[in-house]
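A quick write-up on the structure given underneath.
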Amino acid sequence: MNRRQAVQKVALLVGGTVLGAELFIQTGCKTTPKKEAAEAGAEVLPDFFTKDEIAYLDEIAETILPKTTTPGAKDARVGEFMHAMVRDCYTPQDQQVFKDGLSTIEKISKDKYKNGFMQMQPQQRTELLTALDKEAKEYTGTDDYKTKQAALDKEENAKDSVERSKGNFGYGKARMSKHYFSMMKELTLLGFFTSEPGATKALRYSAVPGKYDGCMPYQKGDKGWAT
Amino acid sequence: MTNARVANITQPLPGRTACQYRNKCWLGCPFGAYFSTQSSTLPAAMKTGNLTLRPFSIVTKIIYDKDTQKAKGVEIIDAETNQTYEYFAKVVFVCASAMNSTWVLMNSATDVWEGGLGSSSGELGHNLMDHHFRCGASGKVEGYEDKYYFGRKPGGIYIPRFRNIGNDKREYLRGFGYQGGASRQNWQRTIAEYSVGAELKEALSEPGSWTMGLGAFGEILPYHDNKITLDKNVKDKWGLPVLNIDAEIKENEMKMRADMMNDAAEMLEAAGLKDVHTYDSVYGFGQGIHEMGTARMGRDPKTSVLNGNNQVWDAKNVFVTDGACMTSAACVNPSLTYMALTARAADFAVNELKKGNL
Numbered sequence: 080m081n082r083r084q085a086v087q088k089v090a091l092l093v094g095g096t097v098l099g100a101e102l103f104i105q106t107g108c109k110t111t112p113k114k115e116a117a118e119a120g121a122e123v124l125p126d127f128f129t130k131d132e133i134a135y136l137d138e139i140a141e142t143i144l145p146k147t148t149t150p151g152a153k154d155a156r157v158g159e160f161m162h163a164m165v166r167d168c169y170t171p172q173d174q175q176v177f178k179d180g181l182s183t184i185e186k187i188s189k190d191k192y193k194n195g196f197m198q199m200q201p202q203q204r205t206e207l208l209t210a211l212d213k214e215a216k217e218y219t220g221t222d223d224y225k226t227k228q229a230a231l232d233k234e235e236n237a238k239d240s241v242e243r244s245k246g247n248f249g250y251g252k253a254r255m256s257k258h259y260f261s262m263m264k265e266l267t268l269l270g271f272f273t274s275e276p277g278a279t280k281a282l283r284y285s286a287v288p289g290k291y292d293g294c295m296p297y298q299k300g301d302k303g304w305a306t
Numbered sequence: 003m004t005n006a007r008v009a010n011i012t013q014p015l016p017g018r019t020a021c022q023y024r025n026k027c028w029l030g031c032p033f034g035a036y037f038s039t040q041s042s043t044l045p046a047a048m049k050t051g052n053l054t055l056r057p058f059s060i061v062t063k064i065i066y067d068k069d070t071q072k073a074k075g076v077e078i079i080d081a082e083t084n085q086t087y088e089y090f091a092k093v094v095f096v097c098a099s100a101m102n103s104t105w106v107l108m109n110s111a112t113d114v115w116e117g118g119l120g121s122s123s124g125e126l127g128h129n130l131m132d133h134h135f136r137c138g139a140s141g142k143v144e145g146y147e148d149k150y151y152f153g154r155k156p157g158g159i160y161i162p163r164f165r166n167i168g169n170d171k172r173e174y175l176r177g178f179g180y181q182g183g184a185s186r187q188n189w190q191r192t193i194a195e196y197s198v199g200a201e202l203k204e205a206l207s208e209p210g211s212w213t214m215g216l217g218a219f220g221e222i223l224p225y226h227d228n229k230i231t232l233d234k235n236v237k238d239k240w241g242l243p244v245l246n247i248d249a250e251i252k253e254n255e256m257k258m259r260a261d262m263m264n265d266a267a268e269m270l271e272a273a274g275l276k277d278v279h280t281y282d283s284v285y286g287f288g289q290g291i292h293e294m295g296t297a298r299m300g301r302d303p304k305t306s307v308l309n310g311n312n313q314v315w316d317a318k319n320v321f322v323t324d325g326a327c328m329t330s331a332a333c334v335n336p337s338l339t340y341m342a343l344t345a346r347a348a349d350f351a352v353n354e355l356k357k358g359n360l
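Residue numbers (my numbering), protein chains in the order written: chain L, 80 to 306; chain C, 3 to 360.
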């Protein structure tokens with residue numbers, strides 16, 4: 080298992096493909112420095128999230144994977160990881176869904192808990208995100224989603240047919256965005272378990288195993304291999 | 003089913019360390035445990051004292067002598083300085099990887115043959131092949147939760163071809179083999195009972211169930227209309243024509259893919275696995291990175307580019323011994339075959355030189 084395979088496989092966790100994974104795999108999500116990008120005539124990437132928003136993402140990630148006897152998401156700077164992934168590897172459509180998701184979380188926090196997410200107690204954050212996780216899991220099964228998806232598929236298949244008739248087999252069909260919380264959760268898991276603290280402390284890592292044993296004893300509680 | 007045969011050494015060899023079980027072979031093995039030109043054959047060639055390496059050299063053409071009907075050498079462009087140089091030799095071995103070897107031939111002796119050296123049969127550039135894959139099946143194994151593994155073995159299992167062999171007759175020609183392996187699920191698995199928090203993290207920090215997957219690698223038939231051609235309009239930064247690639251898999255491969263999925267699922271089910279599911283992640287020509295053909299060997303100069311000793315029919319001191327020479331793709335990894343063909347052709351060339359035939 081390498082990191083790129085990991086990016087693809089994390090999809091299994093939340094269903095579907097990991098957003099941004101394709102670009103990540105092709106380019107390693109290399110951010111073009113502003114000056115070079117401008118010189119090359121490329122669009123200059125915005126900084127995207129502010130420091131405060133990254134801190135906010137850190138708290139969401141920490142709620143999903145908190146520090147226990149082992150490090151948590153904040154120790155792995157998952158907020159910054161999400162920032163880079165969303166900025167460099169998400170489509171504009173998914174970026175918007177992700178950004179709107181942050182506003183939605185803040186709105187629910189204020190409506191339901193009379194406080195911003197940053198001011199809420201860990202217990203309340205967990206309760207809120209647990210509810211969002213349930214909503215995200217059920218999202219693709221809702222009638223509203225299914226109707227929209229059917230309409231989009233029809234439209235995109237028609238466009239694809241037109242392109243194919245012209246000899247272009249590379250038309251990229253538009254697709255529905257995931258629920259914003261699915262995005263946040265998959266990026267948190269990916270960012271954490273492939274980070275140094277996640278891989279070496281929450282999991283086990285051996286850089287140079289030096290031998291192979293295909294059948295060694297395992298006891299409940301032993302950590303899994305990071306790779 | 004057998005252990006996958008892989009080019010990793012388990013005992014040290016001179017200048018090479020035994021495999022460290024990192025499973026990072028594709029990064030280029032710093033231990034030299036995984037076979038590569040850099041770890042193995044180049045050092046051996048350097049040791050002979052007869053090797054001169056000239057990096058950053060783009061061969062633009064083989065220099066063909068009309069009078070002797072043989073090659074005199076090659077012309078190159080230095081990729082860094084754009085200077086042109088000529089090198090002369092009694093024999094030329096073309097091993098630039100399948101499509102680039104053919105590209106070199108296509109750009110050579112065009113004053114004699116419009117389509118280039120080796121084009122007299124009309125087969126140069128044709129019969130491009132690869133292996134089609136990205137389909138198979140996987141499932142869960144119950145139990146064995148008190149067992150795990152240590153180290154990352156750089157290879158799984160192999161199941162050799164069994165279709166269209168003996169009395170087995172399918173609706174398609176040829177067949178496929180399987181590569182696969184078993185492992186315990188990691189943090190990417192779904193855990194239904196936890197959504198967020200410490201329990202989720204602790205659960206994902208432990209390994210999950212055992213799973214096993216089988217992925218098939220199938221043969222692509224040599225089709226004349228799967229081809230590469232020189233682009234008349236597009237040139238690269240050295241002013242050299244780029245290649246156009248025009249290839250697809252056809253009905254034979256599509257029928258084979260159904261077996262490639264279903265046979266895997268049947269075997270996994272018969273072995274007692276649960277939740278077995280098939281997949282076809284769709285194959286695009288070239289993804290197998292086993293490109294073969296475009297300068298095939300043969301018995302008849304009217305239907306092939308090379309003879310049985312990998313000599314270009316139209317210039318007998320030019321040998322093509324990489325994937326370009328392949329007549330069919332089989333369903334196995336092809337590099338060892340290229341290496342064997344190269345060793346055989348080199349031995350033949352040396353003997354012919356000694357006899358004064360080249």
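We put the beta carbon where it would ideally sit given N, CA and C, even for glycine. Please read all numbers here as calculations on a predicted model, not as lab measurements.
A distance of 8 Å or more separates the beta carbons of G158/C and Y291/L.
Per DSSP, the beta-bridge partners of W212/C are V143/C and R186/C. When 9 Å is used as the limit between beta carbons, T147/L is near these residues of chain C: A200, K203 and E204, in chain order. At least one beta carbon of chain L lies nearer than 8 Å to the beta carbon of N188/C. K239/C has a beta carbon lying at 8 Å or more from every beta carbon in chain L.
Non-local beta-carbon contacts of E293/C in its own chain, meaning distances under 8 Å to residues more than five positions away in sequence, involve S99, A100, M101, L130, M131, D132 and G325 in chain order. DSSP places R18/C in the strand class (E or B) of the three-state scheme. Interface with chain L (8 Å Cβ-Cβ cutoff): Q22/C is included.
The beta carbon of E250/C sits closer than 8 Å to those of N228 and F287, all from its chain and outside the five residues before and after it, given in chain order.
A residue is called buried once 16 or more other Cβ atoms fall within 10 Å of its Cβ, and L207/L is buried on that count. In the three-state reduction of the DSSP assignment, I187/L falls in the helix class.
At a cut-off of 8 Å between C-beta atoms, D148/C counts as an interface residue with respect to chain L.
At a C-beta separation below 8 Å, Y297/L has these neighbours in chain C: E147, D148, K149, Y150 and P209. For A317/C, the uninterrupted beta strand (DSSP E) segment begins and ends at A317 to V322. The straight-line gap separating the alpha-carbon atoms of T147/L and A200/C is approximately 7 Å. Annotated three-state conformation of P303/C is coil, per DSSP. Annotation for K357/C: no residue places its beta carbon closer than 7 Å to its own, counting only its chain and skipping 5 residues before and after. At a cut-off of 8 Å between C-beta atoms, R154/C counts as an interface residue with respect to chain L. Per DSSP, C294/L is one residue of the beta strand (DSSP E) stretching across D292 to P296.
Ranked by Cα distance from P32/C, the options N10/C, A46/C, G51/C and K49/C are led by N10/C. In this structure, the alpha-carbon of L181/L lies about 23 Å from that of F272/L.
Boundaries for V96/C: no alpha helix (DSSP H) harbours it, while the beta strand (DSSP E) harbouring it runs V94 to V96, taken from the DSSP string.
The straight-line gap separating the alpha-carbon atoms of T267/L and D170/C is approximately 50 Å. Contacts between A281/L and chain C, judged by CB atoms closer than 7 Å, involve K203 and S207 in chain order. For V244/C, the CB contacts under 6 Å within the same chain, skipping 5 residues up- and downstream, are D233, V236 and D238 in chain order. Within the segment 259-278 of chain L, the residues whose Cβ lies closer than 7 Å to some Cβ of chain C are L268 and F272, listed in chain order. With fewer than 16 neighbouring CB atoms inside 10 Å of its own CB, D223/L falls in the exposed class. Within chain C, the residues placing a beta-carbon under 9 Å from that of I143/L are S197, V198, G199, L202 and K203, ordered along the chain. In chain order, Y151 and K155 make up the part of chain C whose C-beta sits under 8 Å from the C-beta of G293/L.
When secondary structure is reduced to three states using DSSP, Q313/C falls in the strand class. Taking 8 Å as the cut-off, the beta carbon of A260/C is found no closer than this to the beta carbon of G138/C. Residue environment analysis places H226/C among the exposed positions, since fewer than 16 neighbouring C-beta atoms fall within 10 angstroms of its C-beta. Within the same chain, Cβ atoms closer than 6 Å to the Cβ of H162/L are found at F128 and I133, the five residues on either side in sequence being excluded.
Flagged as an interface residue toward chain C: D212/L, by a C-beta distance shorter than 8 Å. Note on geometry: alpha-carbon atoms of G251/L and S283/C lie some 16 Å from one another.
Contact annotation: K280/L and P150/L have beta-carbon atoms nearer than 8 Å.
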